[in-house]
Ligand SMILES: CC(C)(COP(=O)(O)OP(=O)(O)OC[C@H]1O[C@@H](n2cnc3c(N)ncnc32)[C@H](O)[C@@H]1OP(=O)(O)O)[C@@H](O)C(=O)NCCC(=O)NCCS
């Protein structure tokens, strides 16, 4: 399927564009924002590479990595990114918000929207998500949107300098289409 734009209660999900560079750089180069991600905060070339990758995927005939720029409906401010990637065989969802927008429930709203895209629009069978076990904000989103914890991989992910470069556990969650449908029907 080709890339499509989406909307949820407070958010819109659109293609990235080169003009987004300054805001994206502001989150990807920031150590607080990147604390639980693999590796170090990204440099300018990394961010250009990421934007090029996101735009190329959105322009592909068959989109295998949906990488959305997430903006507020109220004023179109770019607040983060939403992902449904590794299609069709190994679908995985993810989220990143600029630190100015944490703890307003946007992450949970994004997570639900990615599951809706995967199950209702793309008819996927199973979707996974994963994070550093120290990243409570991220794994709580997985739980709030109905995903099950399937694995805890011990000392599987190297923290960056913000975590003293220590080896951290990694959590993996998953949800099947039938679990999603049952939860939606019960609403
Ligand atoms: C992880 C992230 C997306 C959370 O987004 P958010 O919009 O703040 O999350 P929500 O407001 O929807 O909250 C979801 C849950 O996480 C909890 N939470 C959010 N941030 C938290 C934090 N820093 N510490 C502990 N819990 C946190 C909330 O309290 C809520 O759980 P609760 O219902 O049990 O109280 C955001 O912190 C972020 O972008 N971090 C940097 C990028 C990142 O780590 N992405 C994930 C990579 S795997």
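Numbering (the working numbering), first residue to last: 1 to 187.
C-beta atoms are modelled at their ideal positions from N, C-alpha and C, and glycine is treated no differently.
Assuming residue i and residue j form a contact by the criterion Cβ under 8 Å, report the distance between their Cβ atoms to the nearest whole angstrom.
{"i": "residue 184", "j": "residue 129", "result": "That pair is no contact at about 18 Å."}
{"i": "residue 152", "j": "residue 169", "result": "6 Å"}
{"i": "residue 109", "j": "residue 6", "result": "Going by Cβ atoms, the distance from residue 109 to residue 6 rounds to 11 Å, so no, they are not a contact pair."}
Any idea what DSSP makes of residue i, helix, strand or coil?
{"i": "residue 187", "result": "coil"}
{"i": "residue 146", "result": "coil"}
{"i": "residue 155", "result": "strand"}
{"i": "residue 89", "result": "coil"}
{"i": "residue 14", "result": "strand"}
{"i": "residue 97", "result": "strand"}
{"i": "residue 141", "result": "helix"}
{"i": "residue 7", "result": "strand"}
{"i": "residue 81", "result": "strand"}
If I follow the unbroken beta strand (DSSP E) through residue i, where does it start and stop?
{"i": "residue 201", "result": "Since the first and last residues shown for the chain are 1 and 187, residue 201 lies out of range."}
{"i": "residue 169", "result": "167-176"}
{"i": "residue 67", "result": "66-72"}
Going by DSSP, what residue range makes up the alpha helix (DSSP H) through residue i?
{"i": "residue 112", "result": "106-116"}
{"i": "residue 28", "result": "21-28"}
{"i": "residue 51", "result": "44-59"}
With respect to 7 Å, is the separation between the Cβ of residue i and the closest non-hydrogen atom of ligand 1 below this value?
{"i": "residue 128", "result": "no"}
{"i": "residue 33", "result": "yes"}
{"i": "residue 96", "result": "yes"}
{"i": "residue 176", "result": "no"}
{"i": "residue 168", "result": "no"}
{"i": "residue 86", "result": "no"}
{"i": "residue 145", "result": "no"}
{"i": "residue 138", "result": "yes"}
{"i": "residue 141", "result": "yes"}
{"i": "residue 135", "result": "yes"}
{"i": "residue 164", "result": "no"}
{"i": "residue 160", "result": "no"}
{"i": "residue 53", "result": "no"}
Here's a check: name, in chain order, each residue in its chain whose Cβ is nearer than 6 Å to the Cβ of residue i, leaving out the five neighbours to either side.
{"i": "residue 155", "result": "167"}
{"i": "residue 176", "result": "126"}
{"i": "residue 112", "result": "145"}
{"i": "residue 94", "result": "83"}
{"i": "residue 33", "result": "27, 99"}
Quick one: what's got a C-beta closer than 8 Å to residue i's C-beta in the same chain, skipping five residues either side?
{"i": "residue 78", "result": "20, 23, 24, 69, 70, 71, 98"}
{"i": "residue 86", "result": "64, 65, 92"}
{"i": "residue 139", "result": "131, 133, 149, 171, 173"}
{"i": "residue 73", "result": "7, 10, 11, 12"}
{"i": "residue 1", "result": "62, 63, 121, 122"}
Tell me which residues share the same chain as residue i and place their Cβ nearer than 7 Å to its Cβ, disregarding the 5 neighbours each side in the sequence.
{"i": "residue 51", "result": "16, 18, 20, 21, 24"}
{"i": "residue 39", "result": "160"}
{"i": "residue 135", "result": "36"}
{"i": "residue 180", "result": "115, 119, 146"}
{"i": "residue 165", "result": "158, 159"}
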